[in-house]
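**Q** If you use this note's numbering, the sequence shown corresponds to residues 58 to 155, in order. Even glycine gets a Cβ: it sits at the ideal position worked out from N, Cα and C.
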Amino acid sequence: MLTSSLCDVCNGNTERMLYLEMADLLRPLQVLIDQLEVCCVGTPLAEPAEQVNRYTTVLLKVIEGNQSHTEPCVISVLLAPVNDVFEAVELAQLREGV
58 MLTSSLCDVC NGNTERMLYL EMADLLRPLQ VLIDQLEVCC VGTPLAEPAE
108 QVNRYTTVLL KVIEGNQSHT EPCVISVLLA PVNDVFEAVE LAQLREGV
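Now the structure itself:
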């Protein structure tokens, strides 16, 4: 839900912002993804959780290393794979009744 909300906010924002400001928006998401990976250990969701954690970690490092300005809608495109994995995890949990 945080990923979807973050994407919606970024899509609705037309002002340019520093990449470092975008990194600040991603940090809480990274914490949640770390927790998700720990919770998924030993389950069928372990591999997708690990992949999304690696992707988000790299994404955050790339964003932090960029010193330019950009449209916030860019972050919603970059977060699409993360959102896809979260939706898959949510569907799997619903099927398993977790």
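What do you get for Val146, buried or exposed, if any count of 16 or more other CB atoms within 10 angstroms of its CB means buried?
**A** To locate residue 146, count along the sequence shown from 1; it is residue 89. The residue is buried, with at least 16 neighbouring Cβ atoms inside 10 Å.
**Q** Measure the alpha-carbon distance for Phe143 versus Met79 and round it to whole angstroms.
**A** Taking the first residue of the sequence shown as position 1, residue 143 is located at position 86. Taking the first residue of the sequence shown as position 1, residue 79 is located at position 22. Cα-Cα distance, rounded: 20 Å.
**Q** Enumerate in chain order the residues of its own chain whose CB-to-CB distance from Tyr112 is below 8 Å, with the five nearest sequence positions on each side excluded.
**A** For this step, residue 112 is matched to residue 55 along the sequence shown. The residues are Pro138, Val139.
**Q** What first and last residue would you give for the alpha helix (DSSP H) that runs through Val109?
**A** Here residue 109 refers to the residue found at position 52 of the sequence shown. Its alpha helix (DSSP H) spans residues 103 to 122.
**Q** When the Cα atoms are used, what is the spatial distance from Arg84 to Leu117?
**A** As a working mapping, residue 84 is identified with position 27 in the sequence shown. As a working mapping, residue 117 is identified with position 60 in the sequence shown. Their backbone Cα atoms lie some 8 Å apart in a straight line.
**Q** What separation, rounded to the nearest whole angstrom, lies between the Cα atoms of Leu82 and Glu153?
**A** Sequence index remark: in the sequence shown, residue 82 carries index 25 (1-based). Sequence index remark: in the sequence shown, residue 153 carries index 96 (1-based). Leu82 and Glu153: Cα-Cα distance of roughly 32 Å.
**Q** Less than 7 Å between C-beta atoms, sequence neighbours within five positions excluded: which residues of the same chain meet that for Leu135?
**A** In the sequence shown, residue 135 corresponds to position 78, counting from 1. Contacts found: Leu116.
**Q** Give the single residue among Pro101, Thr100, Leu77, Ala106 whose Cα lies nearest to the Cα of Asp91.
**A** Here the question's residue 91 lines up with position 34 in the sequence shown. Closest option to Asp91, Cα to Cα, is Ala106.
**Q** Leu151 by DSSP, collapsed to three states: which one?
**A** The residue given as residue 151 occupies position 94 in the sequence shown. Helix, per DSSP.
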